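Taking it in order: structure first as structure tokens, then the write-up.
Protein chains in written order, with this note's numbering: chain A, 299 to 554; chain B, -8 to 609.
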């Protein structure tokens, strides 16, 4: 066989095969190039949260406002709002090695992640964030606990276009921005009053009862409960901004 | 006596106490309504849907009634799911529970006097939802207005958003873009594809079907609704009004703005595009119907002719081959063995490279384009998923199109160079006619007609097989049909690639015609290449399974002489034959040619089978 297949032929075959392999390679590589999403470090799911609490006595912290936390929270959690974390966390958890799990209201809320970063700066070593927040906890079939429920009331919402028309008409409105002080500083509606949600129960007296109030939050997810709280406390005309401040920047959908 | 009386008296007293115990106990017993005496707890509750189960039917979790009476124990939250467990299961995934922590009584406001809404459920739902979701748009919309007027077909809130299983989609559209669009497209279609329902409400019967025949509909049906316009993108979500209403998003006055939400920089006539036309309706869409008819006739005539030609050819060759094998006849040759194996160049390196590029681009176009044409078949979805989605497939389709268009223009340039090798001036025109109708030209001439007639006669055993010059008539057809094909498929393709820009040149309804021509011409080209061209070039018994000359570039002198005698004689006469003599192709070239050729051939044949399966069974 060796004599039949000359050196020249073998070289030619190798060359041929190399060309074939090289030409097919990009296609094979393109098939394998599917990006996989990695979970962020320290992210836990509801089942891991349960076991961390059981086995390592992890502290579960609700990073929403006091009112939201008292309304519904993961059983046994502590209410420490993101804005008050620097002050309250070292008092509540003096042991920096104690595992902490932060969570938010929903999967679109950055508060738990921000709390994680703050706690890290404070020197805490074992910090976790509940993936998907409280809604993931509920989706997993777990119950929530209620300490003091904010009675739900029918709340009317308006879209940003309507709000802009109302603003142009110069009507007597009280625009209540319940976002954090930092977010308010970054941008806000002209003439809006900032009472962060975590302060609302303490500064309720600053909200006029007889003037139409429009509550504005980050993305429309939190204003409902704030509105209910105001209605329960005698504010007569309460409306919320659909989609929150995010909806104020008009976005056009592009093709593709 | 006295003793007897006492005994009787005690006995009677005991008897009385025994029988009247219940009456006493009743008067001592505490009723819930003794404290909870408001009308809704007494009259309201008795008449309510839960009236028969009593207070403790729901308020089960008392540890001590005594403590409750002295306000030391508050009953725990009740669980409606104990009885309504199916609803509870649904509600656990509802937006209202997951994100707003709503409980039953937050929507079923007066839970103690709750009555079933028997009269008009849809109106009741609308009223309840709009307590918070005060959508003026919804109330004004075609659906909402019809619901309020008592139309039982029209959609109320829960028909689209679910009742207890309200999805998180509608307020978190940006988070669940795909799910939301899939869900709502399906929801709209669920009713609008119901012909009976549409008929009794005087709404167009096949809007869904015709939408699914358009580019938008096909892409969303493939599973990529985020890339194209779904129902709500054009008709909006709540303010859905008939076309005749000036406030409607599809009113002619608002259409350009509506299309412009996605298609930026369009001319006003872009809006003349029909979003769900019926190309079979010759009264409403005469041009669309004519285009479809033209393409069908073209397909039928082309395949009617060529498949017959191919079948007759195959029969003749196969039968002749059989007879020769049977009789042991060997073909005679005027050449010595050494002469006969001399390789003669037929295609230049440029020709071969162009053909390889043509194959790559053509297959790229077919593989990325046909899944859209047959979007509802299982193979379509599988191919698009393998390519990484409709967006990627579209991208590859355009890359392949650019290669093909490049080849087309290069071919045009080569044709020009062939016709005018010395330019346009006087000298350039000299011998023009001879070149155009000469033996090297791919322009059909009378010789081709004679050869075709001779060929047909030979198919039926009348006369000898014709011999050919440099190009046969079917090779000329293969070449020239690409010019029509490129104008039709390339022109329509470019239009559909940039409809925004195209709208500055012609109106939107041209896109509808372009879609039909692009799609049907693609079918024509693909089936032609995979059946007629493959057979004529590779699968005919004399060349089966494959002729790799387009990759290797040369064939044997014997083959040239036998099949193209006039060409051989011309080359000898003009003294050009020696210049065309080349070495036998290298083993590397043969391996690569064979692998590439076989891969292409098999992909094409398998694809043809898939198409045939689709026509007859899918």
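For each residue, glycine too, the CB sits at the ideal point set by N, CA and C. Note that the coordinates shown come from a computational prediction; the quantities given were computed from them, not determined experimentally.
(request) Determine the DSSP secondary structure at residue 357/A, reduced to helix, strand or coil. (result) As a position in the first chain, residue 357/A is number 59, starting the count at 1. If DSSP states are grouped into helix, strand and coil, residue 357/A belongs with the strands.
(request) Compare the Cα-Cα distances from residue 45/B to each of 57/B, 32/B, 54/B, 56/B and report the closest residue. (result) Locating residue 45/B in the second chain gives position 54, where the first residue counts as 1. Cα-wise, what sits closest to residue 45/B is 32/B.
(message) In chain order, what are the residue ranges of uninterrupted beta strand (DSSP E) at least 3 long that sit wholly in the segment 341 to 386 of chain A?
(response) 357 to 360
(request) Could you pull out every residue in the same chain whose Cβ sits closer than 8 Å to the Cβ of residue 253/B, ignoring the five residues on either side in sequence? (result) Residue mapping note: residue 253/B aligns to position 262 of the second chain, counting from 1. 220, 224.
(request) Scan the segment 111 to 190 of chain B and note each continuous alpha helix (DSSP H) run of 4 residues or more that stays entirely inside, going in chain order. (result) 112 to 120, 127 to 131, 133 to 139, 148 to 152, 168 to 183
(message) Considering only DSSP beta bridges, list what residue 606/B is partnered with.
(response) Along the second chain, one-based indexing puts residue 606/B at 615. According to DSSP, which records beta bridges pairwise, residue 606/B is partnered with nothing at all.
(request) Using a Cβ cut-off of 7 Å, pull out every chain A residue sitting near residue 91/B, in sequence order please. (result) Along the second chain, one-based indexing puts residue 91/B at 100. Near residue 91/B (Cβ distances below 7 Å), the residues of chain A are 522.
(request) Taking only the alpha-carbon atoms, compute the straight-line gap between residue 597/B and residue 201/B and give it to the nearest angstrom. (result) Sequence index remark: in the second chain, residue 597/B carries index 606 (1-based). Sequence index remark: in the second chain, residue 201/B carries index 210 (1-based). If you take the alpha carbons of residue 597/B and residue 201/B, they lie about 30 Å apart.
(request) Please classify residue 472/A: is it buried, with 16 or more other beta-carbons within 10 angstroms of its beta-carbon, or exposed? (result) Sequence index remark: in the first chain, residue 472/A carries index 174 (1-based). That one is buried.
(request) Counting only runs of 4+ residues fully inside the segment 474 to 514 of chain B, write out the alpha helix (DSSP H) ranges in chain order. (result) If we require 4 residues or more, the alpha helix (DSSP H) runs fully inside the segment 474 to 514 of chain B come out as 482 to 488, 490 to 493.
(request) Give the interface partners of residue 83/B over in chain A, defined as CB-CB distance under 9 Å, in chain order. (result) In the second chain, the residue the question calls residue 83/B occupies position 92. Within chain A, the residues near residue 83/B are 436, 437, 439.
(request) Assign residue 526/A to buried or exposed, taking buried as 16 or more other Cβ atoms, counted over all protein chains shown, within 10 Å of its Cβ. (result) Here residue 526/A corresponds to residue number 228 of the first chain, with the count starting at 1. Buried is the call here.
(message) Suppose you measure from the CA of residue 279/B to the CA of residue 364/B; what does that come to, to the nearest Å?
(response) To locate residue 279/B, count along the second chain from 1; it is residue 288. To locate residue 364/B, count along the second chain from 1; it is residue 373. Answer to the nearest angstrom: the Cα atoms are 17 Å apart.
(request) Taking 8 Å as the threshold, find out whether the segment 385 to 405 of chain A comes into contact with the segment 488 to 505 of chain A through three or more Cβ pairs. (result) The segment 385 to 405 of chain A is not in contact with the segment 488 to 505 of chain A.
(message) List, in chain order, every chain E residue whose beta-carbon is nearer than 9 Å to that of residue 370/A.
(response) No chain E appears in the structure shown, which is made up of the protein chains A and B.
(message) Quick check on residue 469/A - is its C-beta less than 9 Å from some C-beta in chain B?
(response) By 1-based counting over the first chain, the position of residue 469/A is 171. By this cut-off, residue 469/A is not an interface position.
(request) Would you kindly check if the distance between the Cβ of residue 28/B and the Cβ of residue 103/B is under 9 Å? (result) For this step, residue 103/B is matched to residue 112 along the second chain. For this step, residue 28/B is matched to residue 37 along the second chain. In this structure, residue 103/B sits away from residue 28/B, with a CB-CB distance that is not shorter than 9 Å.
(message) Quick check: residue 157/B and residue 117/B, are their CB atoms within less than 9 Å of each other?
(response) Taking the first residue of the second chain as 1, we reach residue 157/B at position 166. Taking the first residue of the second chain as 1, we reach residue 117/B at position 126. Result no, Cβ atoms of residue 157/B and residue 117/B do not sit closer than 9 Å.
(message) Using the Cβ count rule (16 or more neighbours within 10 Å means buried), how would you classify residue 340/B?
(response) Residue mapping note: residue 340/B aligns to position 349 of the second chain, counting from 1. Exposed: under 16 other Cβ atoms inside 10 Å.
(message) Only counting the same chain, and skipping five residues up and downstream in sequence, which positions put a Cβ closer than 7 Å to that of residue 588/B?
(response) Taking the first residue of the second chain as 1, we reach residue 588/B at position 597. Within the same chain, residue 588/B has close Cβ partners 537, 539, 542.
(message) Quick check: the segment 249 to 263 of chain B against the segment 492 to 500 of chain B, are at least 3 beta-carbon pairs closer than 8 Å?
(response) yes
(request) Tell me, to the nearest whole angstrom, how far the beta carbon of residue 685/B is from that of residue 241/B; I am working on the premise that it is less than 8 Å. (result) Residue 685/B lies beyond the residue range present for chain B, which begins at -8 and ends at 609; the question has no answer from this structure.
(message) Output needed for residue 59/B: all residues of its chain with C-beta closer than 8 Å, excluding positions within five of it in sequence on either side, in chain order.
(response) Translated into the one-based positions of the second chain, residue 59/B becomes position 68. Within the same chain, residue 59/B has close Cβ partners 53, 65, 66.
(message) Strictly under 9 Å for the Cβ-Cβ distance: is residue 452/A near chain B by that measure?
(response) For the purposes of this step, residue 452/A is taken as the residue at position 154 of the first chain. Taking Cβ atoms only, chain B reaches closer than 9 Å to residue 452/A, which makes this a yes.
(message) Contact criterion: CB-CB distance below 9 Å. Does residue 226/B meet it with respect to chain A?
(response) Position 235 of the second chain holds residue 226/B. False, the Cβ-Cβ gap to chain A never drops below 9 Å.
(request) Would you kindly work out how many angstroms separate the C-alpha atoms of residue 393/B and residue 370/A, rounded to a whole number? (result) Here the question's residue 393/B lines up with position 402 in the second chain. Here the question's residue 370/A lines up with position 72 in the first chain. Each residue's Cα considered, the two are about 59 Å apart.
(request) Would you identify the three-state DSSP class for residue 466/A, choosing helix, strand or coil? (result) Counting from 1 along the first chain, the entry for residue 466/A is found at position 168. Residue state, collapsed to three classes: helix.
(request) Using the Cα positions of residue 474/A and residue 537/A, report the straight-line distance between them to the nearest angstrom. (result) Stepping through the first chain from its first residue, residue 474/A is reached at position 176. Stepping through the first chain from its first residue, residue 537/A is reached at position 239. When rounded, the distance between both Cα atoms is 10 Å.
(request) Buried or exposed for residue 320/B, please, with buried defined as at least 16 other CB atoms from any protein chain shown within 10 angstroms of its CB. (result) Walking along the second chain from the start, residue 320/B turns up at place 329. Exposed.
(message) Just to confirm, is the Cβ distance from residue 360/A to residue 422/A under 9 Å?
(response) Sequence index remark: in the first chain, residue 360/A carries index 62 (1-based). Sequence index remark: in the first chain, residue 422/A carries index 124 (1-based). For residue 360/A and residue 422/A, no; Cβs fall outside 9 Å.
(message) Considering only DSSP beta bridges, list what residue 443/A is partnered with.
(response) Residue mapping note: residue 443/A aligns to position 145 of the first chain, counting from 1. 371/A, per the DSSP bridge assignment.
(message) Please tell me whether residue 686/B has its Cβ less than 9 Å away from any Cβ of chain A.
(response) What the structure shows of chain B is the stretch from -8 to 609, and residue 686/B is not part of that stretch, so it cannot be assessed.
(request) Can you tell me which of 565/B, 376/B, 518/B puts its alpha carbon nearest to the alpha carbon of residue 594/B? (result) The residue labelled residue 594/B in the question sits at position 603 within the second chain. That would be 518/B, whose Cα lies nearest to the Cα of residue 594/B.
(request) Would you mind telling me which residues of chain B sit closer than 7 Å to residue 433/A, beta carbon to beta carbon, in chain order? (result) One-based indexing of the first chain puts residue 433/A at position 135. Within chain B, the residues near residue 433/A are 89, 90.
(request) Using a Cβ cut-off of 9 Å (strictly closer), state whether residue 554/A contacts chain B. (result) Position 256 of the first chain holds residue 554/A. With a pLDDT of 41 at residue 554/A, under the threshold of 50, the predicted position of this residue should be treated as unreliable, and no value is reported.
(message) Measuring straight from C-alpha to C-alpha, what distance separates residue -2/B and residue 63/B?
(response) Indexing the second chain from 1 puts residue -2/B at position 7. Indexing the second chain from 1 puts residue 63/B at position 72. Cα to Cα, residue -2/B sits roughly 47 Å from residue 63/B.
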